[in-house]
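With the numbering used here, the residue at position 287 of the sequence shown is 290, and numbering never jumps. All C-beta atoms, glycine included, are put in the ideal place defined by N, C-alpha and C. Fair warning: this is a prediction, and the values are worked out from it, not measured in the lab. Just below is one structure, and these are the notes that go with it.
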Amino acid sequence: MLLALTACSAPEALRPHIDQNPAALLQANGYRIEVSVTETELVQGDVLVDGQRMLDQSRNSAPMVQASGASNSMGASAAGVMIGGLLVSQLNKTRVQNSARDEADQLVAPLRQATAGTGLDAWFERQLREELASGPLGEIVHESPYLMHFQSQAELGRTLDSIRLITEVTLSFGREELYRGRIEVLDAAVWSADSTATIGIDPWLVNQAQPYRNALQAGISETLRVLALDLESQHFAGNPGVEQTLRYSLGAGRFVERGRLIDENGHRALFMDLRGWLKSVPLQTATR
């Protein structure tokens, strides 16, 4: 029962991986492109799970679980309470997550309406392909045995003053996977951070959400810059940088994470978090 609950609780997180020298292989042989993206995935809200709500759900469910085992023998009762508690905990987690997802969907509903029918997914794929064609990774060759797959999604920050583009990239040769990585590019809205409380989501909606497209376009460019650095460096996971606390601002938000600072160019900071995922954030970033 424990194994079943664990297995179905969440999808496996992406684990970064690199084999051979992908940058040299791409330069010598070119590569094909495959893009997986949908309009819905490109317009999402940041899902924040309320820990207090989770605790409240658990407290409300505890008497029910205890009562269900009260009439059994002591051993069976203990086992029943434990299994029941695990089941209820999983159900409570799912309810809270679903509620958070519903709230996030409501938050971005006007943005989804503004982009509906505009071919946002096709536009995104076209921009990605065009930047790859003119970028440093190598030539796009339709007959190449090397396939680079991009799976992207974007989230609007809960305070409506930031955007996050998340892209998982794999490079494969037949069934052999040569590279796997996850790159997050975070950006603040171009307008003043302290104005969002009064203007809401409206600035993103102008001209069929052109400001949102502009932010996605900037995110694509930065994603490919980071990808090129990662491939050329033989993967940052081998970087001996010291783990540290990184602080950064995004709109009106302030964030603190543990990771290793990889690159800082005066405009953005690139760091690797404890899962091996790469994050590019605007400066100024403070470290300790």
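Does the beta-carbon of residue i have 16 or more other beta-carbons within 10 angstroms, so that it is buried, or is it exposed?
i: D233; result: buried
i: N205; result: In the sequence as presented, Asn is not what sits at residue 205; that position holds Asp. It counts as exposed.
i: T43; result: exposed
i: S39; result: exposed
i: Q47; result: buried
i: S137; result: exposed
i: A31; result: exposed
i: R18; result: exposed
i: R257; result: exposed
i: R278; result: exposed
i: L181; result: buried
i: A192; result: buried
i: R129; result: exposed
i: G120; result: exposed
i: G184; result: buried
i: N210; result: exposed
i: G122; result: exposed
For a test of the three-state rule: what should DSSP assign to residue i, helix, strand or coil?
i: G184; result: strand
i: Q156; result: strand
i: D190; result: strand
i: G203; result: coil
i: V229; result: helix
i: L286; result: coil
i: L123; result: helix
i: G222; result: helix
i: Q47; result: strand
i: Q237; result: coil
Spatial neighbours of residue i within its chain, please: C-beta separation below 6 Å, excluding the five flanking residues on both sides.
i: S283; result: V188, E225, V229, R271 and L273
i: Y215; result: W207
i: Q154; result: S39 and E171
i: E158; result: Q47, D49 and R167
i: L29; result: L140 and G141
Which residues share a DSSP beta bridge with residue i?
i: D266; result: L273
i: G244; result: In DSSP, G244 forms no bridge with anything.
i: T173; result: H152 and R183
i: Y34; result: I143
i: G256; result: L253
i: R261; result: T248
i: I166; result: L159 and D190
i: G138; result: In DSSP, G138 forms no bridge with anything.
i: I21; result: Y182
i: L281; result: I186 and M275
i: S39; result: Q154
Whose C-beta lies closer than 8 Å to the C-beta of residue i among residues of the same chain, with five residues either side of it excluded?
i: I202; result: W194
i: D276; result: E260, R261, G262 and K282
i: T290; result: Because the pLDDT of T290 is 48, which lies under 50, any placement of that residue in the model is unreliable, and the number read from its coordinates should be weighed accordingly. The answer, listed in chain order, is Q247, T248, L249, R250 and L264.
i: I143; result: G33, Y34, R35, I36, R132, L135 and A136
i: Y269; result: A small fix is needed here, since residue 269 is Gly in this sequence, not Tyr. Closer than 8 Å at Cβ, skipping near neighbours: L286.
Might you give, ordered along the chain, the residues of its own chain that have their beta carbon closer than 7 Å to the beta carbon of residue i, omitting 5 neighbours on each side?
i: R132; result: I36
i: D124; result: V40, T41, E42 and L45
i: D190; result: S165, I166, A218, A221, G222 and P285
i: Q156; result: E44, L45, Q47 and I169
i: A212; result: L114, A117 and T118
i: P139; result: A231
i: G244; result: R263, L264 and I265
i: L227; result: E134, L135 and G138
Hey, is residue i close to the ligand NAP, as in C-beta under 8 Å from one of its heavy atoms?
i: P139; result: For the ligand NAP, the structure offers nothing, since it holds no ligand at all.
Hey, does residue i have any beta-carbon neighbour from chain B nearer than 9 Å?
i: A117; result: Any reference to chain B falls outside this structure, which holds one protein chain only.
Worksheet entry | Three or more C-beta pairs below 8 Å linking the region 173-187 and the region 140-154 | By the Cβ test, the region 173-187 is in contact with the region 140-154, since at least three Cβ pairs between them sit closer than 8 Å.
Item to complete: Would you be able to state if there are at least three C-beta pairs under 8 Å between the region 23-30 and the region 104-118?
Response: no
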